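Asker: Quick one: the structure is below, questions incoming.
Chains as they are written, first to last, in our numbering: chain G, 1 to 434; chain U, 435 to 738.
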């Protein structure tokens, strides 16, 4: 009898226990939820602590009740746009998109990005964004992302190569004439060339032409972005300045193949004496293991890009916004992740590590902190007033392709700069008219 | 009323039911995308706004054929023709030579050599493209290094030279695809009865005569099959060219498949890309009809 009672008590306890624990589990399940956030970004951004590793950790810290799964997809420049367009067309866009500023018009006009105007208005760091950069995030009066970084092109030269040919390693060329004569002295073909610029079918290839174009007083499109404006006497001179380097043998025709980054890498590998590029410090560190700041200063130099004779200082700016695609199912969390990743704290770490330019007023004032990690940061920062953005219009990718073909045809001697620009002008005007 | 079926009719229905799953799969994964591509080629549709389509008739084809640069007939189709002709001739030619050599009994370790020949075929096209790009690199590449050792003064720039680039691509593609031809030719050579060759030897036929009058005629069905399959694969090939030259320089290697990718995905003109894809489909169709006709004439020749 006693045994039966005991068994009954045990059974009741077990039943009550299981009911209580089941209810508890259900409650716990209700508290914590699973969230997946997909990020499309340049591959190199995932290989360092800032922004993503730290931003993800911070988001997880803020939301202990959420089990986050982060899917990171890293791309090269052109692939990222194609992948985003195909993923959006397939109905499965990411939650966070690293948008090159020149894709903004195309993405927004096709309804692929979320209007973030209300969110940025409530973000306490928005007022700290440099006004010119803040303005650049608008398309048709609305904001569609915030800057993770911007960049400007500078001249980078290899001081060892300068020393080897008797050039002063601390005196870079200041104008096109000096660039031409110094490049000729640095050239010992086919082992090394004085000046490198890409003529591959990439957007970066036309940047060098645009820098020259703005230096001599030309422009890419008319002010209303309705017609080509580059086929002008200034445009011809700007392109001739580049093609003359090829004709003189200071730049090899092999610049038409490979990748634009091969040219940048070539300066740090002793193939090119000089080239214009962004993120020089980040590249140098990637290519030369254990490179110290002192080594970097001793072996390489960074200066403003040589201007046209009697021209103005000029450079081209670019950079990325972090945006929330309109198809994201986690817009609130995606925006929160963006405010952390692109906030001033992580932007400092990210931009300093790679030699990029920050977009916050408070960071611009931290020149000394940047100088500790990139000794030429002040040179980069000084270029901002003379920097121009490419038109972020929806047709840009196609327009750029026509210009890339023009540059390539000149490098290979198929057309003169005047002929190539005339052909490109007709093609660009047709694209804009369509 | 109960429907009464005869035994043969039941068998027929059962047969159709058995093939239905495969037909359904084929329809959804092959025919539907194919028909959809042809359909899209008559619409203005962009990758960035895939749901906003407008019917424009033949306009995509008109733009394709009238664009001055790259010109469809003189640049795209011409590059495609040279690439296909060079690759197919090289792959079949070298595939046959290697298969024939490795058929000879005096060669020791034939199986090892066969495995080595097949190796490039199992490597991804992208890997092969990167390897060959390195071979052709003007400054650090293997080819120019060898030429320098041989005392060459002026070194070619291979992939950057309009005159050389197509040849460079064809060589890389022959190296990649020769193994497929080699496998088909080896099967063909195995199918030739040994006593035919032995009888010819007894009759005093030389090695060349045996090749010319016995091996090649008996290999004809295999060569034709090889020709058609390799032609179709080469017309459709993309990865090697895309990774090696991306169609450049100056559209010299912009074959039709690469052109399709550029129009559809780089520039986002999905309708125009579909028009190019439809033309690729037609090219494949022509090759298929050609193959079927040759096959039929061979069958009829065999029956008579």
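Every residue gets a Cβ at the ideal spot worked out from N, C-alpha and C, and that includes glycine.
On a predicted model such as this, the values are computed, not experimentally measured, just so you know.
1. May I have the straight-line CA-CA distance separating residue 387(G) from residue 713(U), to the nearest angstrom?
2. Is there contact between the stretch 95-110 of chain G and the stretch 308-321 of chain G, where contact requires at least three CB pairs shorter than 8 Å?
3. What separation, rounded to the nearest whole angstrom, lies between the Cα atoms of residue 356(G) and residue 560(U)?
4. Is the beta carbon of residue 616(U) sitting closer than 7 Å to the one on residue 551(U)?
5. Output the distance between the C-alpha atoms of residue 367(G) and residue 579(U), rounded to the nearest integer angstrom.
6. Leaving out five residues before and five after residue 402(G) in sequence, what residues of the same chain have Cβ atoms less than 6 Å from its Cβ?
7. Less than 8 Å between the CB atoms is what I'm expecting for residue 243(G) and residue 410(G), so what's the real figure, rounded?
8. With 7 Å as the limit, tell me which residues of the stretch 408-422 of chain G have their beta carbon closer than that to any beta carbon of chain U; keep them in chain order.
9. List the residues of chain G that residue 596(U) touches, going by C-beta distances under 9 Å, in chain order.
10. Among 325(G), 301(G) and 208(G), whose alpha-carbon lies nearest the alpha-carbon of residue 163(G)?
11. Count the C-beta pairs between the stretch 369-377 of chain G and the stretch 58-72 of chain G that are closer than 8 Å, then say yes if the count reaches three, no if not.
12. Are any of the Cβ atoms in chain G nearer than 7 Å to that of residue 591(U)?
13. May I ask you to report which of helix, strand or coil DSSP gives residue 375(G)?
14. Along the chain, where does the alpha helix (DSSP H) containing residue 366(G) start, and where does it finish?
15. I want to verify the contact list: residues of chain U whose CB lies under 8 Å from the CB of residue 234(G), in sequence order.
16. Could you tell me the alpha carbon to alpha carbon distance between residue 514(U) and residue 690(U), rounded to whole angstroms?
17. Between the stretch 573-592 of chain U and the stretch 535-550 of chain U, do at least 3 Cβ pairs fall closer than 8 Å?
18. Does any residue of chain G have a CB that is nearer than 7 Å to the CB of residue 484(U)?
19. Following the continuous alpha helix (DSSP H) through residue 562(U), name the residue where it begins and the one where it ends.
20. Is it buried or exposed for residue 438(U), if we count other Cβ within 10 angstroms and need 16 for buried?
21. Reducing DSSP to helix, strand and coil, say where residue 137(G) ends up.
22. Which term fits residue 342(G), buried or exposed, when burial requires 16 or more other beta carbons within 10 angstroms of its beta carbon?
23. Suppose the cutoff is 7 Å on Cβ atoms and the five residues either side in sequence are ignored; what does the same chain contact list for residue 123(G) look like?
24. Under 8 Å Cβ-Cβ, which residues of chain U neighbour residue 271(G)?
25. The beta strand (DSSP E) that contains residue 74(G), what's its start and end?
26. By a C-beta neighbour count over all protein chains shown, 10 Å radius and 16 as the cutoff for buried, is residue 104(G) buried or exposed?
27. Do residue 359(G) and residue 147(G) have their C-beta atoms within less than 7 Å of each other?
28. Does any C-beta atom of chain U lie closer than 7 Å to the C-beta of residue 89(G)?
29. According to a CB-to-CB cut-off of less than 7 Å, which residues of the stretch 202-224 of chain G neighbour chain U?
30. Give me the residue from 562(U), 565(U), 529(U) and 566(U) with the minimum Cα distance to residue 548(U).
31. Output needed for residue 250(G): all residues of its chain with C-beta closer than 8 Å, excluding positions within five of it in sequence on either side, in chain order.
32. From the DSSP output, read off the bridge partner residues of residue 396(G).
33. Can you tell which of 676(U), 665(U) and 684(U) has its C-alpha closest to the C-alpha of residue 699(U)?
34. Indicate whether the contact test is met: 3 or more Cβ pairs, each with one atom in the stretch 626-641 of chain U and one in the stretch 657-672 of chain U, closer than 8 Å.
35. How close, in whole Å, do the beta carbons of residue 177(G) and residue 307(G) come, if the pair is a contact with beta carbons under 8 Å?
36. Are the C-beta atoms of residue 481(U) and some chain G residue less than 7 Å apart?
Answerer: Straight from the coordinates:
1. 45 Å
2. yes
3. 32 Å
4. yes
5. 47 Å
6. 424, 427 and 428
7. 5 Å
8. 408, 409, 412 and 414
9. 412 and 414
10. 301(G)
11. no
12. yes
13. coil
14. Per DSSP, residue 366(G) belongs to no alpha helix (DSSP H) and is neither H nor E.
15. Within chain U, no residue comes near residue 234(G); the closest Cβ sits about 24 Å away, beyond 8 Å.
16. 6 Å
17. no
18. yes
19. 559-570
20. exposed
21. coil
22. buried
23. 339
24. 573
25. 66-75
26. buried
27. yes
28. yes
29. none
30. 529(U)
31. 180, 183, 184, 186, 187, 193, 194 and 195
32. In the DSSP output, where bridge partners are listed per residue, residue 396(G) has none listed.
33. 676(U)
34. no
35. The Cβ separation is near 11 Å, so there is no contact.
36. yes
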